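Okay, so here's the structure we're looking at.
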Amino acid sequence: MAKQVYYEDVTEGMELPQLVKHPMPRQLVQWAGATGDYNEFHYNETFAKVRSNLPGIIVHGALVCQFVRQMVSDWVGDEGTLKKLNVSYRGMNFPEQDCICKGKVVKKQVQGDDHLVELEVWSENPKGEKTTPGTAVAILPSRAKK
Amino acid sequence: MAQIYFNHVKEGMELPVLEKKTTTRQLVQWAGASGDFNEIHYDKPWAEKTGLPGLIIHGRLKAAFLGQLVTDWMGPAGTLKKIDVAYRGMDFPGDTVKCKGKVVKKYTRGRERLVDVEVWTENAKGEKTTPGTATVALPARR
Amino acid sequence: MAQQQKESVITPEMKKWIGVEGPPTIYEVEKGAIRKFCIAVGDTNPLYLDEEYAKKTKYGGIIAPLGFFGTPVSSGAFGQQPYEVSLKRVLNGGTEYEYIKPVRPGDTIISTRKITDFQERDGRLGRTLYTSSETIYRNQRGEVVAIGRGTTINY
Amino acid sequence: MAQQQSLVTAEMKAVIGKKGKSVVVDVEKGWVKRFCTSVGETNPLYLNEKVAKKSKYGGLIAPPGLLMGLYLVPELPRAPEPPVRLPRGVDGGGTWTFIRPIMVGDTLTGTGKIKDIYQRDGRAGPMLFSETEVTWRNQKRQVVARMVGRTIRY
Chain A
1 MAKQVYYEDV
11 TEGMELPQLV
21 KHPMPRQLVQ
31 WAGATGDYNE
41 FHYNETFAKV
51 RSNLPGIIVH
61 GALVCQFVRQ
71 MVSDWVGDEG
81 TLKKLNVSYR
91 GMNFPEQDCI
101 CKGKVVKKQV
111 QGDDHLVELE
121 VWSENPKGEK
131 TTPGTAVAIL
141 PSRAKK
Chain B
147 MAQIYFNHVK
157 EGMELPVLEK
167 KTTTRQLVQW
177 AGASGDFNEI
187 HYDKPWAEKT
197 GLPGLIIHGR
207 LKAAFLGQLV
217 TDWMGPAGTL
227 KKIDVAYRGM
237 DFPGDTVKCK
247 GKVVKKYTRG
257 RERLVDVEVW
267 TENAKGEKTT
277 PGTATVALPA
287 RR
Chain C
289 MAQQQKESVI
299 TPEMKKWIGV
309 EGPPTIYEVE
319 KGAIRKFCIA
329 VGDTNPLYLD
339 EEYAKKTKYG
349 GIIAPLGFFG
359 TPVSSGAFGQ
369 QPYEVSLKRV
379 LNGGTEYEYI
389 KPVRPGDTII
399 STRKITDFQE
409 RDGRLGRTLY
419 TSSETIYRNQ
429 RGEVVAIGRG
439 TTINY
Chain D
444 MAQQQSLVTA
454 EMKAVIGKKG
464 KSVVVDVEKG
474 WVKRFCTSVG
484 ETNPLYLNEK
494 VAKKSKYGGL
504 IAPPGLLMGL
514 YLVPELPRAP
524 EPPVRLPRGV
534 DGGGTWTFIR
544 PIMVGDTLTG
554 TGKIKDIYQR
564 DGRAGPMLFS
574 ETEVTWRNQK
584 RQVVARMVGR
594 TIRY
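From first to last, the protein sequence lines stand for chains A, B, C and D.
Residue numbers for the first sequence, in my numbering: 1 to 146.
Residue numbers for the second sequence, in my numbering: 147 to 288.
Residue numbers for the third sequence, in my numbering: 289 to 443.
Residue numbers for the fourth sequence, in my numbering: 444 to 597.
Take a look at the structure:
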């Protein structure tokens, strides 16, 4: 695991390390199997185009949400805790394309015993469109409390 | 569930046919349950690129259908001892796969009452795509 | 042009459902299912996969990734509607999860969903209905482990 | 006519009988349920705790297909590469022997070995068969099942 980030290391405006995913059809089928979402436009191209009027197979929104979640989890580390994640599904991600997860610290504050950071998070498609914008709140460990 | 007994079984007797109407969705479900994520079972362009006429049904899904054919027939007091299958022909999602079986031998070994069954899947042309054999132990008599 | 007063898509029948908890859904959280979920996400965090590693962390054992409450995954937004909506097309407007306690393999998660609000607007897609819902996830000890909030868009 | 080349090398003969890594799988209720959905099985012995309790097994069992379907390629020992390129590989089928019931909740450990490697020359040219045997034990170390899988390369 990457080294632990502490509250004191964080500044407002700071960017989180990006997480780039490149989901292949196989990954969508694995997701379907893991979650039980067998909606056909996630693996059947004809179905996606003809029945659902989509440009092609699309990545499950909830999977993109998990990519964003993983980016935050990876950043907060084992000592940090993700408390809240909020995403909106605004655009589509397609398989065999990069899905780039990004984040930025918006605010940091101490609330009681908790060292909180508020984040802006989103995923982008290769066109640079934010497909899944959202916000997150995490508690980070503090060096002072160590 | 119905129970079949050893004394009712005759050599040559046919098992009730199990029909499976397959779909691509089912293959995706099978991939999730079995862990076989080979693209030839759900990614049509991929399957065609590898020289196949289209998506094909997992051989092991057909083997599992045959497992069900036998276990449905033998009933809750029966025991499946052995099943052996070979993949000989392709089947495609959307096809109805007919699972059939026939008793070839009944015999006792020690205290067990055993029945050998010939099993197979059949496509619409009547071709046996997945032939095999199974051995089950059955309760003696009612 | 004459402005025609549009009839509300929010019927009295629908309003009756606000705040009414639906039947509980029960999921058992299994290690194998967590593993499959992680493979699907491509998340190899040992906190979810490696018991030995997880034991040494503050959690004391494997936990489920946030957002996993057993299968199937509930989006927190979609669900069975007990009422008729005249607008037939549906979009998932977004979800919010609040994570309160870790979910562990062996836990049984009982979730209940209720409608919290209906809003309607005339937007880009024409008449649009926003349905807000809240799903509470509890474990077998009755502890709230997470709250999911979602918006379903009908247009 | 030229003598057909032997595909079975000394290196292959040396791996026959060698044990590979073990694979551990938990037979979990949810997995069995998803499995039954995918096959279209509704047998209560696999799905209905109450019915299964009253059966001769005394609890939920796994359908035989669960083991038949398990796809374990990465963990199983593999036959060495043949001396000539054989571009196609297919799953040729297998034999599953069920020795004890597999109960839902069991943890199974599978140990694989290459059982045999042999050549058959058919219409499609020389074919190389390799047989892998996997022995499955439960948490009580009892053998519950044995599988022999055949892979064909040609």
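Don't be surprised by glycine CBs; every beta carbon is placed ideally from N, CA and C.
All values derive from a computational prediction rather than experimental measurement.
Residues near Ile-459 of chain D in its chain [Cβ-Cβ closer than 6 Å; skip 5 each side]: Ile-557, listed in sequence order.
I want to see whether chain A comes within less than 9 Å of Ser-363 of chain C, judged by CB atoms only; does it? With a pLDDT of 43 at Ser-363 of chain C, under the threshold of 50, the modelled position of that residue is not reliable, and the figure given next carries that caveat. The beta carbon of Ser-363 of chain C falls within 9 Å of a beta carbon belonging to chain A, placing the residue at that interface.
Is it a yes or a no for the segment 265-273 of chain B touching the segment 228-248 of chain B, going by three-plus beta-carbon pairs under 8 Å? Output reads yes: the segment 228-248 of chain B touches the segment 265-273 of chain B.
What are the start and end residues of the alpha helix (DSSP H) that includes Ser-481 of chain D? Taken as a continuous stretch (DSSP letters only), the alpha helix (DSSP H) holding Ser-481 of chain D covers 472-482.
Just to make sure I have the definition right: I need the residues of chain A whose C-beta is within less than 7 Å of the C-beta of Thr-383 of chain C. Which are they? Chain A residues near Thr-383 of chain C: Cys-65 and Val-87.
Among C:Arg-377, C:Ser-420 and C:Tyr-347, whose alpha-carbon lies nearest the alpha-carbon of Lys-389 of chain C? Cα-wise, what sits closest to Lys-389 of chain C is C:Tyr-347.
Note the first and the last residue of the continuous beta strand (DSSP E) segment covering Thr-550 of chain D. Judged by DSSP secondary structure, Thr-550 of chain D falls within the beta strand (DSSP E) whose first and last residues are 550-565.
Under the three-state reduction of DSSP, which class applies to Arg-51 of chain A: helix, strand or coil? The three-state secondary structure of Arg-51 of chain A, taken from DSSP, is helix.
Evaluate the contact criterion for the segment 423-443 of chain C versus the segment 369-386 of chain C: three or more CB pairs, one atom per stretch, below 8 Å. Yes, since at least three Cβ pairs between the segment 423-443 of chain C and the segment 369-386 of chain C fall closer than 8 Å, the two stretches touch.
Let me confirm a value: Leu-450 of chain D is counted as buried when at least 16 other C-beta atoms fall within 10 Å, else exposed. Which label applies? In this structure Leu-450 of chain D is buried. Its beta-carbon is surrounded by 16 or more other beta-carbon atoms within 10 angstroms.
Leaving out the 5 sequence neighbours to the left and right, which residues in its chain are closer than 6 Å to Asp-98 of chain A when beta-carbon positions are compared? The residues are Val-20, His-22 and Pro-126.
Any C-beta of chain A under 9 Å from that of Tyr-188 of chain B: Yes, contact with chain A.
Runs of 3 residues minimum, wholly inside the segment 7-52 of chain A: which ones carry the beta strand (DSSP E) assignment? The qualifying runs are 19-21.
Helix, strand or coil at Thr-275 of chain B according to DSSP, with G and I counted as helix: Residue state for Thr-275 of chain B is assigned as strand, using DSSP reduced to three classes.
With DSSP as the reference, please indicate the residues paired to Asp-78 of chain A in a beta bridge. Beta-bridge annotation (DSSP): Asp-78 of chain A is not paired with any residue.
Considering Leu-212 of chain B, what are the terminal residues of the beta strand (DSSP E) in which it resides? That residue, Leu-212 of chain B, is in no beta strand (DSSP E); its alpha helix (DSSP H) goes 205-220.
Which residues, in order along the segment 166-199 of chain B, keep a beta-carbon less than 7 Å from a beta-carbon of chain D? Residues of the segment 166-199 of chain B whose Cβ lies closer than 7 Å to any Cβ of chain D, in chain order: Lys-166, Gln-172, Gln-175, Trp-176, Gly-178, Ala-179, Ser-180, Gly-181 and Asp-182.
Report yes or no: do three or more beta-carbon pairs, one from the segment 571-590 of chain D and one from the segment 474-485 of chain D, lie closer than 8 Å? Fewer than three beta-carbon pairs drawn from the segment 571-590 of chain D and the segment 474-485 of chain D are found closer than 8 Å, and the two stretches are therefore not classed as touching.
Who are the near neighbours of Glu-301 of chain C in its chain, counting only those whose CB is closer than 6 Å to its CB and skipping five residues on each side? Counting only Cβ-Cβ distances below 6 Å, and skipping sequence neighbours, we find Tyr-371.
The alpha helix (DSSP H) with Glu-492 of chain D in it runs from where to where? Annotation for Glu-492 of chain D: the continuous alpha helix (DSSP H) segment containing it runs 492-497.
Simplified DSSP assignment, three categories, for Asn-442 of chain C: Asn-442 of chain C falls in the strand class under three-state DSSP.
Quick check on Trp-539 of chain D - is its C-beta less than 9 Å from some C-beta in chain F? Among the protein chains of the structure shown, namely A, B, C and D, there is no chain F.
Gly-158 of chain B by DSSP, collapsed to three states: which one? Looking at Gly-158 of chain B - three-state DSSP - the assignment turns out to be coil, as it is neither helix nor strand.
Which residue comes first and which comes last in the alpha helix (DSSP H) that contains Phe-572 of chain D? Where Phe-572 of chain D is concerned, there is no enclosing alpha helix (DSSP H), although the beta strand (DSSP E) it sits in stretches over 568-580.
Sufficient close CB pairs (3 or more, under 8 Å) joining the segment 98-116 of chain A to the segment 129-143 of chain A: The segment 98-116 of chain A vs the segment 129-143 of chain A: in contact.
Excluding five sequence neighbours on each side, which residues of the same chain lie with their C-beta closer than 6 Å to the C-beta of Gln-149 of chain B? Counting only Cβ-Cβ distances below 6 Å, and skipping sequence neighbours, we find Gly-221 and Ala-223.
So, does the CB of Thr-578 of chain D fall closer than 9 Å to a CB anywhere in chain B? With 9 Å as the cut-off, Thr-578 of chain D does not count as an interface residue toward chain B.
Within chain C, the residues that Trp-31 of chain A reaches when beta carbons sit closer than 7 Å: Listed along the chain, the chain C residues whose CB falls inside 7 Å of the CB of Trp-31 of chain A are Ala-328.
Looking at the structure shown, is Lys-324 of chain C part of a helix, part of a strand, or coil, going by DSSP? Correct three-state label for Lys-324 of chain C: helix.
May I have the straight-line CA-CA distance separating Pro-520 of chain D from Lys-464 of chain D, to the nearest angstrom? Going from the Cα of Pro-520 of chain D to the Cα of Lys-464 of chain D covers about 7 Å.
Mark Glu-431 of chain C as exposed unless 16 or more other C-beta atoms lie within 10 angstroms of its C-beta, in which case mark it buried. Label assigned to Glu-431 of chain C: exposed.
Just the Cα atoms here: how many angstroms apart are Leu-354 of chain C and Glu-273 of chain B? In this model, Leu-354 of chain C and Glu-273 of chain B are separated by some 49 Å (Cα to Cα).
Please check if any C-beta of chain C sits within less than 9 Å of the C-beta of Asp-74 of chain A. Closer than 9 Å: yes.
Name the residues in the segment 463-483 of chain D whose C-beta lies less than 7 Å from a C-beta of chain C; which are they? In summary, the residues of the segment 463-483 of chain D whose CB is separated from some CB of chain C by less than 7 Å are Asp-469, Glu-471, Lys-472, Gly-473 and Trp-474, in the order they occur in the chain.
Can you find a heavy atom of the ligand NAP that lies under 8 Å from the Cβ of Thr-242 of chain B? The ligand NAP is not among the ligands present in this structure, which contains no ligands whatsoever.
Applying a beta-carbon distance threshold of less than 7 Å, which residues of chain B neighbour Asn-93 of chain A? From the beta-carbon of Asn-93 of chain A, no residue of chain B is found nearer than 7 Å; the closest lies around 17 Å away.
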